[in-house]
Amino acid sequence: MVAEAGSGHPGGSLSSTDIVTALFFHTLNHRPDEPKWPDRDRFILSKGHCAPILYAALARSGYFPVEDLINLRRIDCHLQGHPDMHKTVGVEISSGSLGQGLSVSVGMALAMRLDKLPGHIFTLMGDGESQEGEIWEAAMAAAHYKTDNLTGIVDANGLQIDGFTSDVMNVEPLAAKYEAFGWSTRQIDGHDMEQIIEALDWSKSVDGPAAIIAKTVKGKGVSFMENQAGWHGKAPASEQKELALAELKEQAEALISGQGEA
Amino acid sequence: MADELKPRATREAYGEALLELGKRHGNVVALDADLSGSTMSKVFAAEFPERFFNVGVAEANMMNMAAGFAISGKIAYASTFAVFATGRAFDQVRQSIAQPNLPVRIVASHGGLTVGEDGCTHQSVEDIGLMRLLPNMKVIVPADFNQTYAAVLESYDTPGPMYIRTGRPLTPFLYQEPPASLGKGADVLREGSDISIFACGIMVVKALEAAEQLKKRDISAEVVNVSILKPIDVDTVTASLEKTGYAVTAEEHSIIGGLGDAVAEVAAEYCPVRMGRVGIKDVFGKSGKPDQLLEEFNLTAAHMVELAGKVLASGK
């Protein structure tokens, strides 16, 4: 998708893939044929540059044809470089400028509480994004207003455009920060499906907002992209694309056959 | 002019209108950033605490929370000082309110120099320009208490986002009662044939004074209260320009980006005329009493008269 577009953000999309997969195909109570169903759970992609993984999940869920994905970022396609709620069905909010999604989510959570709606909000952020001060304004507000229906997930892949987050501007310890702000907090391996699903289920049961700090690998699943800051916002060339897809296919097949044996 | 009514601040009208909206509509919510006593959203908060959300000193978060409410079917009123609403939270307003075209009403108080003693950090002279730049955003600067009350009531049913600027000072009444609607937002308050004075906010009263002074010099000035700066009422502005052939604008805002620019844009495209702009001349404000500041920065009827004379003398 990103290779065809010639630009985009593969690294953070791949680090989020397992989390987004767990949400769309296990946790979220949603109706792709009724995108505005009032009782739905909401997924908010605060780190909007990882639109490719959101689009893939929406398409595979049935919100729009999978064939659209190949036209990402093209002038006549609804799939914008960063998510646009009016152009792409299933996108809950427009995002791209970092640090805003959690605040929007707090507003949505409070509105849903006023309306006594049963849905839960899952908001995905980056660890680099957590350098934005507004994230912490929102964290304060969510705890203050005791938003039981809000889960914040940090895709902590440890990298940002200019390098390791620990070198550019250390955001850790994220879990301790959220705890200090009054959130229930868990740290998980963001590529362990059982841990992800268990943590998402847990987050719906706690009082007040819940934070899941998911340790991930940027560029996960593609050997030459893993842990390379350079793959934050760069499209793979044709040969790299073939190699990446072959590696991902191999892993998918191994997972499927592994399941078969179990 | 409704002289018998004692002057009241436009921000007070916001509080009262918001309370009325709260009574009429269950889906109205209000947010404030620790200034509810100044913006007057406290009036709503006292009656509807469950629908009022104080975010503390966190304007960026407030604008995005307002967006979250608006996405979820609420009509969200967010207030703080104009300088913070538009400057501090510009990116939030841009990405999460204007671009998604959401029904958030940013009702910002303390616009302009008449904030007074707090000085330039708190005097917003660029808010109208910032908001006018954003696609989808409507920009409203009511001229008195009653027009503010009407603007806030009318905002409930108006699609998309809106910026309404209110002020701190007591302001004379222009409208006897709240009008049913702001209409297209350009009211000809006084007919004239020699020059058009387009004014907004607290400058409208001064524009009427200027017209009175000009009359003594045998100059017939038309006074137009432009309360909706975007989208501006092109027909009314053009008709007045065609009639008089000269214009002066008056606003408590930078001459860049505000009413002066908005009228000049209409003039340039539809009816080019010589213009003079009364406003803040690309400088920041300073501390002082509101009246002293208006005098020092030439936001006066006398300056309008002087500028009108210069414009008329400049020839076509």
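Note that the protein sequences, when read in sequence, are chains A and B.
The first sequence begins at 1 in my numbering and counts up one residue at a time.
The second sequence begins at 1001 in my numbering and counts up one residue at a time.
Note that CB positions come from ideal geometry on N, CA and C, so glycine has one too.
Open item on the list: Assuming residue 1204(B) is part of the alpha helix (DSSP H), what are its boundary residues?
Closed with: Working through the second sequence from its first residue, we reach residue 1204(B) at position 204. Residue 1204(B) -> alpha helix (DSSP H) spans 1203-1216.
Task: chain B contact for residue 9(A) (CB, 8 Å cutoff) - done: If you number the first sequence from 1, residue 9(A) lands on position 9. Not one chain B Cβ lies under 8 Å of residue 9(A).
Open item on the list: Please classify residue 1049(B) as buried or exposed, where buried requires at least 16 other C-beta atoms within 10 Å of its C-beta.
Closed with: In the second sequence, residue 1049(B) corresponds to position 49, counting from 1. Of the residues assessed, residue 1049(B) falls on the exposed side of the cut-off, its CB having fewer than 16 other CB atoms within 10 angstroms.
Open item on the list: Using the Cβ count rule (16 or more neighbours within 10 Å means buried), how would you classify residue 92(A)?
Closed with: Within the first sequence, numbered from 1, the residue matching residue 92(A) stands at position 92. By the neighbour-count rule (16 or more Cβ atoms within 10 Å), residue 92(A) is buried.
TODO: Determine the chain B residues that contact residue 97(A) at a beta-carbon separation under 9 Å, and present them in chain order.
DONE: Numbered from its first residue, the first sequence carries residue 97(A) at position 97. Contact note: residue 97(A) reaches chain B through 1091, 1092, 1094, 1095 and 1096, using a C-beta cutoff of 9 Å and chain order.
TODO: Only counting runs of 3 or more residues, tell me where the beta strand (DSSP E) segments fall wholly within the stretch 148-204 of chain A, in order along the chain.
DONE: Within the stretch 148-204 of chain A, the complete beta strand (DSSP E) runs of at least 3 residues fall at 150-156 and 184-189.
Task: C-alpha gap between residue 1006(B) and residue 1200(B), whole angstroms - done: Translated into the one-based positions of the second sequence, residue 1006(B) becomes position 6. Translated into the one-based positions of the second sequence, residue 1200(B) becomes position 200. The straight-line gap from Cα to Cα measures roughly 20 Å.
Open item on the list: Using a Cβ-Cβ cutoff of less than 6 Å, which residues in the same chain neighbour residue 1198(B) once the five nearest sequence positions on both sides are dropped?
Closed with: Here residue 1198(B) refers to the residue found at position 198 when the second sequence is read from its first residue. Contacts found: 1224, 1226, 1249 and 1263.
TODO: Please name the residue, chosen from 41(A), 228(A), 250(A) and 255(A), that lies closest to residue 118(A) on a Cα-to-Cα basis.
DONE: In the first sequence, residue 118(A) corresponds to position 118, counting from 1. Answer by Cα proximity: 41(A).
Open item on the list: Does residue 1199(B) come out as helix, strand or coil in the three-state DSSP assignment?
Closed with: The residue you call residue 1199(B) lines up with position 199 of the second sequence. Strand, per DSSP.
Open item on the list: Looking at the strands, I want to know which residues DSSP matches up with residue 123(A).
Closed with: For the purposes of this step, residue 123(A) is taken as the residue at position 123 of the first sequence. BP columns for residue 123(A) point to 44(A) and 152(A).
Open item on the list: Just to confirm my understanding: we take residue 1055(B), look at its own chain, exclude 5 residues before and 5 after, and list those with CB closer than 7 Å. What are they?
Closed with: For the purposes of this step, residue 1055(B) is taken as residue 55 along the second sequence, with counting starting at 1. 1031, 1033, 1061, 1062 and 1065, listed in sequence order.
Open item on the list: When you compare the CB of residue 110(A) with every CB in chain B, is at least one pair closer than 8 Å?
Closed with: Position 110 of the first sequence, counted from the first residue, corresponds to residue 110(A). Put simply, the CB of residue 110(A) is near chain B, with a gap under 8 Å to one of its CB atoms.
- [ ] Would you check if the distance between the CB atom of residue 1013(B) and the CB atom of residue 1149(B) is smaller than 8 Å?
- [x] The residue labelled residue 1013(B) in the question sits at position 13 within the second sequence. The residue labelled residue 1149(B) in the question sits at position 149 within the second sequence. Yes.
TODO: State the beta-bridge partners of residue 1162(B) as determined by DSSP.
DONE: For the purposes of this step, residue 1162(B) is taken as the residue at position 162 of the second sequence. Paired residues: 1105(B) and 1138(B).
Open item on the list: Beta-carbon within less than 6 Å of residue 4(A)'s beta-carbon, same chain only, minus the 5 sequence neighbours each way: which residues are those?
Closed with: Along the first sequence, read from residue 1 onward, the residue named residue 4(A) stands at position 4. Correct list, in chain order: 70.
- [ ] Could you pull out every residue in the same chain whose Cβ sits closer than 6 Å to the Cβ of residue 142(A), ignoring the five residues on either side in sequence?
- [x] Counting from 1 along the first sequence, the entry for residue 142(A) is found at position 142. Within the same chain, 106, 150 and 209 come within 6 Å of residue 142(A) by CB-CB distance, once the 5 residues on both sides are set aside.
Open item on the list: Distance check for residue 1099(B) and residue 103(A), CA to CA, integer angstroms please.
Closed with: Taking the first residue of the first sequence as 1, we reach residue 103(A) at position 103. Taking the first residue of the second sequence as 1, we reach residue 1099(B) at position 99. Distance between the alpha carbons of residue 103(A) and residue 1099(B): 17 Å.
Task: Beta-bridge partners of residue 1320(B), as assigned by DSSP - done: Nothing in the structure corresponds to residue 1320(B), since chain B is present only between 1001 and 1316.
TODO: Under 8 Å between beta-carbons, which chain B residues line up against residue 104(A)? List them in chain order, please.
DONE: Translated into the one-based positions of the first sequence, residue 104(A) becomes position 104. Within chain B, the residues near residue 104(A) are 1064, 1065, 1067, 1068, 1071 and 1096.
Open item on the list: Pull the bridge partners of residue 1032(B) from the DSSP assignment, please.
Closed with: As a working mapping, residue 1032(B) is identified with position 32 in the second sequence. BP columns for residue 1032(B) point to 1054(B) and 1079(B).
Open item on the list: Starting from residue 27(A), trace the beta strand (DSSP E) in both directions and tell me its first and last residue.
Closed with: The residue given as residue 27(A) occupies position 27 in the first sequence. Annotation: residue 27(A) is outside any beta strand (DSSP E) and is labelled neither H nor E by DSSP.
Open item on the list: Our contact map puts residue 196(A) next to residue 22(A) with C-beta atoms below 8 Å; I'd like the distance itself, whole angstroms only.
Closed with: Residue numbering aside, residue 196(A) sits at position 196 when the first sequence is read from its first letter. Residue numbering aside, residue 22(A) sits at position 22 when the first sequence is read from its first letter. That belief holds up - the Cβ atoms of residue 196(A) and residue 22(A) are roughly 4 Å apart, short of 8 Å.
- [ ] Measuring alpha carbon to alpha carbon, tell me which of 1174(B), 1236(B), 1305(B) and 1132(B) ends up nearest residue 955(B).
- [x] As shown, chain B starts at 1001 and ends at 1316. That puts residue 955(B) outside it, with no answer to give.
Task: residue 1167(B), DSSP secondary structure in three states - done: To locate residue 1167(B), count along the second sequence from 1; it is residue 167. DSSP places residue 1167(B) in coil when its eight states are reduced to three.
TODO: Inspect the beta-carbon positions of residue 1155(B) and residue 1105(B) and report whether they are closer than 8 Å.
DONE: Within the second sequence, numbered from 1, the residue matching residue 1155(B) stands at position 155. Within the second sequence, numbered from 1, the residue matching residue 1105(B) stands at position 105. A distance below 8 Å separates the beta carbons of residue 1155(B) and residue 1105(B).
TODO: Go through the stretch 36-114 of chain A residue by residue and report every complete run of the beta strand (DSSP E) that reaches 3 residues or more, in order.
DONE: Counting only runs of 3 or more, we get 42-45.
TODO: Sort out for me which residues DSSP pairs residue 1246(B) with in a bridge.
DONE: Indexing the second sequence from 1 puts residue 1246(B) at position 246. Residue 1246(B) pairs with 1274(B).
- [ ] Determine the direct distance from the alpha carbon of residue 1122(B) to that of residue 1287(B), and round the result to whole angstroms.
- [x] The residue given as residue 1287(B) occupies position 287 in the second sequence. The residue given as residue 1122(B) occupies position 122 in the second sequence. The alpha-carbon atoms of residue 1287(B) and residue 1122(B) are separated by roughly 10 Å.
Open item on the list: Distance cutoff 8 Å, beta carbons only. Does residue 261(A) sit that close to anything in chain B?
Closed with: Locating residue 261(A) in the first sequence gives position 261, where the first residue counts as 1. At residue 261(A) the pLDDT is 45, less than 50, meaning the model places this residue with poor confidence; the figure from the coordinates comes in the next sentence. At a cut-off of 8 Å between C-beta atoms, residue 261(A) does not count as an interface residue with respect to chain B.
Open item on the list: Residues of the stretch 13-36 of chain A in Cβ contact with chain B at a cutoff of 9 Å, in chain order, please.
Closed with: Residues: none.
TODO: Could you have a look at residue 1073(B) and say whether DSSP puts it in helix, strand or coil?
DONE: If you number the second sequence from 1, residue 1073(B) lands on position 73. Residue 1073(B) falls in the coil class under three-state DSSP.
Open item on the list: Going by the DSSP bridge assignment, what does residue 950(B) pair with across the sheet?
Closed with: Nothing about residue 950(B) can be read from this structure; chain B reaches only from 1001 to 1316.
- [ ] Compare the C-alpha of residue 1(A) against each of 86(A), 18(A), 68(A) and 181(A) and name the closest.
- [x] Start at 1 with the first residue of the first sequence, and residue 1(A) comes out as number 1. Distance from the Cα of residue 1(A) is smallest, within the candidate group 86(A), 18(A), 68(A) and 181(A), for 68(A).
Task: Nearest neighbour of residue 48(A), chosen from 178(A), 123(A), 230(A) and 205(A) [CA to CA] - done: To locate residue 48(A), count along the first sequence from 1; it is residue 48. Measuring from the Cα of residue 48(A), the nearest candidate turns out to be 123(A).
TODO: Mind checking which residues open and close the alpha helix (DSSP H) that includes residue 1225(B)?
DONE: Within the second sequence, the letter at position 225 stands for residue 1225(B). Counting along the chain, residue 1225(B) falls outside any alpha helix (DSSP H), though it belongs to the beta strand (DSSP E) covering 1221-1226.
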